[in-house]
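Only one structure is covered here, and it is reproduced in the block below.
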Amino acid sequence: MLDLKRVSKTFNPGTVNEKVALQNVDLHLEEGDFATIVGSNGAGKSTLFNAIAGEFIADTGTITLAGQDITMMPDYRRSKVIGRMFQDPLKGTAPHMTIEENLALAFLRASHQTSPFSRISKADRALFAEKLSALGLGLEDRMKQPVGLLSGGQRQALTLLMATLVTPKLLLLDEHTAALDPATAEKVLDLTKKIVAEHHITCLMITHNMHDALTLGNRTLLMDHGRIVLDVGGEERTHMTVPELLDRFAQNVGHQLDNDRILLSKDA
Amino acid sequence: MFTVATVLNALELGFIYALVAMALFLSFRVLNIADMTTDGAFTLGCAVSATAAVAGHPFLGLPLAMLSGAVAGFVTAFLQTRLAVPSILAGIITNTGLYTVNLAVMGFSSNVPMLKTETIFTTAQALLGENSPYKLVVAALITVVVCALLILFLGTRLGLSIRATGDNPDMVRASSINTTFTITVGLCIANAMTSLSGAVLAQYQKSADINLGTGMVVIGLASLIIGETLFGRGGMWTKAVAAVAGSVIYRFIIAIALRANVPSECLKLISAVIVALAIAAPALQARAAFRRRRAHAEKEGATRA
Ligand SMILES: Nc1ncnc2c1ncn2[C@@H]1O[C@H](COP(=O)(O)OP(=O)(O)O)[C@@H](O)[C@H]1O
Ligand SMILES: [Mg+2]
């Protein structure tokens, strides 16, 4: 489904601020794979997502998504098939536009057949209401309200819905529950699991919760210094504990996982 | 205090200039870009429409003016999106260039007199009769139609994309909106409206002048902000109509100032003050609130000590 071959990225090359953020990253995801990513601060996790989403063109290497070479494709064209969520709930929605308009934007852009002058139809509205009520937050009754009135958790749930309203070929979640309070975070995570499973979405999720990293999805990737240093899946992963995972990491790279926000236990 | 003629006059001008207020609503409010092309685009509209009318095509003059305004907007957008010129500077550059273009359109003369020229207004006069408010009908009709089209447009997929571009650049970067395209379309439409305003005004007052557009961006903003302050709470529909209302009210303020024998040379200064105060209002309010809190805290401190 997704194939990265020797993807590298260096920021500010040739200056004192030179920073190698990705080093020859190879990654292959099967259709329906749900991989979690953990790593030290500055390991290049977000940069990896930016490379896939096309925020910059990788210095070297190729990126293929669903059989199409997207290495040189501009970001706005990639995002027709790549859904994205960030840690900051303010990043994913337009605050002065209504819930309905935000959804329409996500919906109309991803449907290929609509003209630039198409408007929100009755059928669209019914679909939005149905999808919103599935979130269980009562947002279906507030479709004409500006998104700026919603709480962070509500906005994040709406962003999730927008990213998956038209099923994307790939969903990139960059610590999308990290800014929420624990109860809300859990709710959004549950919604994520539900929606991803329902539509068999191929998904990459960055997290600093080690428990989530091992229990969500079917693969766990560990990153360090711009490389993927560990990729566990299958039987091995089912039986792995958090300490074992950390040990494997330390063995592979010769130092401890260094992330000041890492959560080792389930609830914290 | 007001004669019927002054009221009519203020209404007519209010509707004509409302097109500029709506243009700035689109560029300044929706897209969040202070578009300095406005002055030049307004004069461009005057020049094109006057020249077309003198050549015997007053009606053709309006779409031609809109087209040339859209081209001016395109140049500003191109500088900004493709060549990375800061947006304010992009508008100023286009505006400066337009001065020469506008003179050229007027045959390198600084004004085009059209005293005996057929205009859309003389046609309306012939149709509706000398004593009808034909000027108001024409001005209001054009503005209402454009306003309705603008509101409809803002609800389309493209319109929503343009709104999102101004509302949340972060979101737009992560969604499949091509901001180069949305900014370009937005600025083209805004400047087409500004030029249309100039085009109607030139035929209305039967002359075009190279300086007609000077300060237009500030006058348009003053109208927009007056409208927002009085009526602007609500959806897109309310906001677009508020811009029109603001423009009409602005013209009444000007009419009152003129009645009060304020020399017309002072009007630009008055507009500038209105805009500066209105845009500064949130900051002024915040500072006043801070002063009150500090005074309150000092008093508390004094009583406790
Ligand atoms: N746009 C940028 N310009 C310069 N350096 C950057 C940029 N984006 C990220 N970096 C650097 O690249 C490294 C990887 O960053 P990032 O991918 O954000 O890490 P994380 O794994 O914590 O998400 C960091 O050292 C960061 O400072
Ligand atoms: Mg990060």
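So the protein lines, in turn, are chains A and B.
30 is the number of the first residue of the first sequence in our numbering; add one for each residue after it.
316 is the number of the first residue of the second sequence in our numbering; add one for each residue after it.
Where is the CB? At the ideal position from N, CA and C, for every residue including glycine.
Given the structure is predicted, the values throughout are model-derived calculations rather than measurements.
The beta carbon of residue 497/B sits closer than 7 Å to the beta carbons of 476, 477, 480 from its chain, once the five residues preceding and following it are set aside; these are given in chain order. Using a C-beta cut-off of 8 Å, the segment 456 to 468 of chain B makes no contact with the segment 104 to 116 of chain A, since fewer than three inter-stretch Cβ pairs fall below that distance. If the five residues before and after residue 206/A are omitted, its C-beta is found closer than 6 Å to the C-beta atoms of 214, 217, 218, all from its own chain and listed in chain order.
Counting C-beta pairs closer than 8 Å gives fewer than three between the segment 546 to 556 of chain B and the segment 390 to 401 of chain B, which falls short of the contact rule.
Interface residue (Cβ-Cβ distance to chain A less than 9 Å): residue 502/B is not classified as such.
Between residue 516/B and residue 331/B, the alpha-carbon positions lie close to 7 Å from each other. Chain-ordered, the residues whose CB falls short of 7 Å from any heavy atom of ligand 2 come out as 74/A, 75/A, 203/A, 204/A, 235/A. Below 8 Å, too few C-beta pairs join the segment 555 to 575 of chain B and the segment 130 to 137 of chain A to call them touching: fewer than three. Under the DSSP assignment, residue 482/B falls in the alpha helix (DSSP H) whose first and last residues are 472 to 482. Residue 362/B: member of the alpha helix (DSSP H) spanning 353 to 369, first to last residue. Exclusion of the five residues before and after residue 291/A leaves 237, 239 as the residues of its chain whose Cβ lies within less than 7 Å of its Cβ.
Within the DSSP secondary-structure output, residue 57/A pairs in a beta bridge with 32/A. Every alpha helix (DSSP H) of 4 residues or more that sits fully in the segment 75 to 141 of chain A is shown, in chain order, as 104 to 107, 128 to 139. Counting along the chain, residue 393/B sits inside no beta strand (DSSP E); it lies in the alpha helix (DSSP H) bounded by residues 373 to 396. Within 10 angstroms of the beta-carbon of residue 151/A lie fewer than 16 other beta-carbons, which makes it exposed. In the three-state reduction of the DSSP assignment, residue 562/B falls in the helix class, which pools H, G and I. In the structure shown, residue 285/A adopts coil according to DSSP, grouped into three states.
In the structure shown, the three-state DSSP call for residue 66/A is strand. When secondary structure is reduced to three states using DSSP, residue 339/B falls in the helix class. Using a Cβ distance threshold of 9 Å, residue 277/A and residue 65/A do not count as a contacting pair. Here the alpha carbon of residue 319/B sits roughly 15 Å from the alpha carbon of residue 452/B. Using beta-carbon distances, residue 230/A does not count as an interface residue toward chain B, since no partner is under 9 Å.
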